[in-house]
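Some notes on the structure that comes next.
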Amino acid sequence: MTTDKLPKECAVSLMVSGEEVRIGGIAKGAGMIRPNMATMLCFLTTDVSITAEMLQSALKESVDLSFNRITVDGDMSTNDTVLILATGGAGNPQIKERDEAYNQFRKGLDYVTGKLARMIVEDGEGATKLVTVTVKGARNESEAEMAARAVAESPLVKTAIYGMDPNWGRVAAALGYSGAVFDPEKVQIWFDDLLIVDNGVAADYDEEGAKRLFMKNNLRITVNLNAGDAEATIWTCDLTDEYIRINASYRS
Numbered sequence: 000m001t002t003d004k005l006p007k008e009c010a011v012s013l014m015v016s017g018e019e020v021r022i023g024g025i026a027k028g029a030g031m032i033r034p035n036m037a038t039m040l041c042f043l044t045t046d047v048s049i050t051a052e053m054l055q056s057a058l059k060e061s062v063d064l065s066f067n068r069i070t071v072d073g074d075m076s077t078n079d080t081v082l083i084l085a086t087g088g089a090g091n092p093q094i095k096e097r098d099e100a101y102n103q104f105r106k107g108l109d110y111v112t113g114k115l116a117r118m119i120v121e122d123g124e125g126a127t128k129l130v131t132v133t134v135k136g137a138r139n140e141s142e143a144e145m146a147a148r149a150v151a152e153s154p155l156v157k158t159a160i161y162g163m164d165p166n167w168g169r170v171a172a173a174l175g176y177s178g179a180v181f182d183p184e185k186v187q188i189w190f191d192d193l194l195i196v197d198n199g200v201a202a203d204y205d206e207e208g209a210k211r212l213f214m215k216n217n218l219r220i221t222v223n224l225n226a227g228d229a230e231a232t233i234w235t236c237d238l239t240d241e242y243i244r245i246n247a248s249y250r251s
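Sequential numbering from 0 applies to the sequence shown in numbering that gives the first Met the number 0.
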């Protein structure tokens, strides 16, 4: 731990081919978080019996949906590692292909990597809120991720969240420059379950009710581009005075 406030660990057990399999992990990271190259370390262990090829595939697929979907400050460094060790001690028939056993293992691995990834964001330098940004209705997953990441990494969005200001215009602006192709007159935006924007314009909502949503330490921003069927989620946090204080005085 460097600027981490809390240790990050997670473990699960699950059944794979009728045998109990365990997966556990620890992670470190709080600042300079924007994979693919971030100041983040994660070490995973499991007793599943699996070939090296299938283990590598499972890890890459799981990381793409977890550690590669988080951002704290949009900055990066060259210190980035996620590794997994498998002992084969669980006694399950060795996983050699993408079959049901592989899918069962992936389900447990995805839970652990997803939990650890969100813990990194929750413990982001100076963070007071975990923010889940989901963009659906995109033409493809790549554009959905581009749009969600633009919102999640926008300093204006992140400071508005810290200031408890439900400024949907900042979300819309980030969507606009994200590179995703959509008709702005079809966009819908929700803060938690409150519809804020409908067909590209402000919906009829209670402003004070929207502000109260921003007082929580967990906020969901959901966007429907209404341009297709793909979706993606990025996890981020607010940008605070404390983040500036930490990094204004931090020497490596």
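Every residue, glycine too, gets a C-beta built ideally from N, C-alpha and C.
Excluding the five sequence neighbours on either side, which residues of its own chain have a C-beta within less than 6 Å of the C-beta of residue i, listed in chain order?
i	result
L174	A146
L212	F190 and D191
P92	S16
G87	S48
Look at the alpha carbon of residue i and the alpha carbon of residue j, and state the distance between them as a whole number of angstroms.
i	j	result
I83	G17	22 Å
I49	V132	34 Å
A247	D240	11 Å
Y204	S141	31 Å
V130	E52	34 Å
G208	K157	19 Å
N78	P34	10 Å
Among the options, whose alpha-carbon lies nearest the alpha-carbon of residue i?
i	options	result
K4	D122, M14, A179 and T239	D122
D200	G227, W167 and A116	It should be pointed out that residue 200 corresponds to Val in this sequence rather than to Asp. When each option's Cα is compared against that of V200, the closest is W167.
V186	A209, T158 and L224	L224
V71	V150, E184, N198 and A247	V150
T45	R21, G28, A37 and F66	R21
V103	A126, L54 and T127	Per the sequence presented here, residue 103 reads as Gln, with Val not at that position. That would be L54, whose Cα lies nearest to the Cα of Q103.
K128	N35, I220 and G178	I220
A179	A202, D197 and A137	A137
In this structure, does DSSP put residue i in helix, strand or coil?
i	result
I119	helix
D197	strand
R21	strand
A126	coil
N67	helix
N223	strand
L5	coil
D240	helix
E230	strand
N217	strand
G73	coil
F181	coil
Q103	helix
Near residue i, what residues of its chain come up, given a Cβ to Cβ distance below 7 Å and the 5 sequence neighbours on each side ignored?
i	result
E19	S12 and A89
V62	V81 and T112
Under 8 Å Cβ to Cβ from residue i, same chain only, skipping five residues before and after it: list those, please.
i	result
N139	G227 and A229
L64	D109, T112 and G113
Report, in whole angstroms, the separation of the C-beta atoms of residue i and residue j, which I expect to be a contact under 8 Å.
i	j	result
L238	P154	6 Å
M39	F66	7 Å
V262	V134	Outside the displayed range of the chain (0 to 251) lies residue 262, so it cannot be described from this structure.
E144	A231	4 Å
I233	R148	5 Å
A29	E99	At roughly 38 Å, the Cβ-Cβ gap does not stay under 8 Å, so A29 and E99 are not in contact.
R105	A57	5 Å
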